[in-house]
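Everything below concerns the one structure shown next.
Numbering (the numbering used here), first residue to last: 3 to 433.
Here's what the structure looks like:
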């Protein structure tokens, strides 16, 4: 069945690739036959559809237009517009927000290739944010790949003026590194302007195995070997649980270097990996529906939200997979209180700060507040939420206040030197 599926998957991914070339993509890049090792200093910059386009401004990197996301139908021309709430920033004498943004081009800098989660949220925001910013400016998404996502910082914080015309989408791994004193060039979480995130959704995650391999964690461990797991790189938020287990000496071996989630899922299907968190409902239903239809996989343990609070996960496991809700990570392995704290701090940062939009540190306060209010309004815009849903993305807003608290809590917890050393590993190590 898996061999047959391989050809079906290839056809499906070719179709996806054509769509990605046409509109920026919806999902992760197509699977590679084998993982590509990541050098210690991060992957080299890879040309993308955005990089290949001729830039509008020769002094800037190539820009990718921001088309309407696939499957999203624009509202009828005759529809009565819904009043758009405007920012409530304190008025500045002589400053006209409409004039400041009218006719301007806003660059949204993304450190990853088209089709992934960061790119998808960037393009959704680029589509709907103009409706909530004064002057209705034009947005352009720029995919600045390479360096593990670090290439966004220089054009956003160094090469751009603090005028609110450039914004970036940042991965939480860079906050983690700074929290333990690992310097990230051109990035200072204590001074940058945090706008918010639209993907702070607390969901249940799990590690899955094929039924013919094991149906419980105990059965998997009884194989008497380290369980092989795939991830993109150290610090991959999707692999936090297995990285944690390996860190404390558990029976897990993480293999890094896979380009994306679809590649990891394909390796899991080929039997290269023993267990994988890529067996969740979104990936399994879209790329490997026979896993679900044949009830071929089962969850071994979970982390994140309580399954009783995540209806999709609960029904997916009990109804679609015909399995039982597995135990929590903390219940399958002996842990100290300090180790539990370490995992919880890392998990909180991953969930609360994923796909965070940030501005230049010197952005004037009145412009910054306009951005904060516009972003908040967009994240609660029914059209934005519906468009995200059509792309299989759930919206969960978290604003600057919540993010600042997460960072402060992390700093306090990591004063413990033991937790600090473990956190460095979960954060991806020292570059």
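Think of the CB as a built atom: it goes at the ideal place given N, C-alpha and C, for glycine as much as any other residue.
If you're wondering where the values come from, they're calculated on a predicted model, not measured in any experiment.
Residue i versus residue j - alpha carbon distance
i: residue 380; j: residue 102; result: 19 Å
i: residue 196; j: residue 370; result: 9 Å
i: residue 121; j: residue 285; result: 17 Å
i: residue 399; j: residue 214; result: 40 Å
i: residue 291; j: residue 242; result: 25 Å
i: residue 163; j: residue 383; result: 29 Å
i: residue 152; j: residue 289; result: 29 Å
i: residue 234; j: residue 260; result: 5 Å
i: residue 181; j: residue 295; result: 44 Å
i: residue 217; j: residue 211; result: 7 Å
Segment limits, beta strand (DSSP E) that includes residue i
i: residue 198; result: 195-198
i: residue 168; result: 168-172
i: residue 109; result: 107-112
i: residue 233; result: 229-233
i: residue 211; result: 206-212
i: residue 257; result: 254-258
Member of the options whose CA lies at the smallest distance from the CA of residue i
i: residue 418; options: 343, 190, 356; result: 343
i: residue 166; options: 104, 235, 204; result: 104
i: residue 331; options: 143, 349, 316, 303; result: 303
i: residue 229; options: 368, 185, 275; result: 275
i: residue 293; options: 313, 258, 319; result: 319
i: residue 339; options: 115, 420, 186, 240; result: 420
i: residue 240; options: 207, 265, 219; result: 207
i: residue 209; options: 115, 390, 266, 194; result: 266
Cut-off 7 Å between Cβ atoms - residues of its own chain near residue i, not counting five sequence neighbours on either side
i: residue 246; result: 345, 428
i: residue 223; result: 253
i: residue 324; result: 297
i: residue 203; result: 396, 398
Contact under 9 Å by Cβ, residue i with residue j
i: residue 173; j: residue 226; result: no
i: residue 136; j: residue 95; result: no
i: residue 395; j: residue 119; result: yes
i: residue 350; j: residue 408; result: yes
i: residue 198; j: residue 406; result: no
i: residue 107; j: residue 142; result: yes
i: residue 190; j: residue 363; result: yes
Extent of the continuous alpha helix (DSSP H) run through residue i
i: residue 352; result: 339-354
i: residue 406; result: 402-415
i: residue 288; result: 283-289
i: residue 378; result: 367-381
i: residue 384; result: 384-392
Same chain, Cβ closer than 8 Å to residue i, five either side skipped, listed in chain order
i: residue 348; result: 178, 242, 246, 425, 428, 429
Own chain partners of residue i with C-beta closer than 6 Å, once the 5 adjacent residues on each side are dropped
i: residue 316; result: 309
i: residue 127; result: none
i: residue 48; result: Residue placement at residue 48 is flagged as unreliable, the pLDDT there being 37, under the threshold of 50; a coordinate-derived value is accordingly withheld.
Chain D contact for residue i (CB, 9 Å cutoff)
i: residue 388; result: You won't find chain D in this structure, because it holds only one protein chain.
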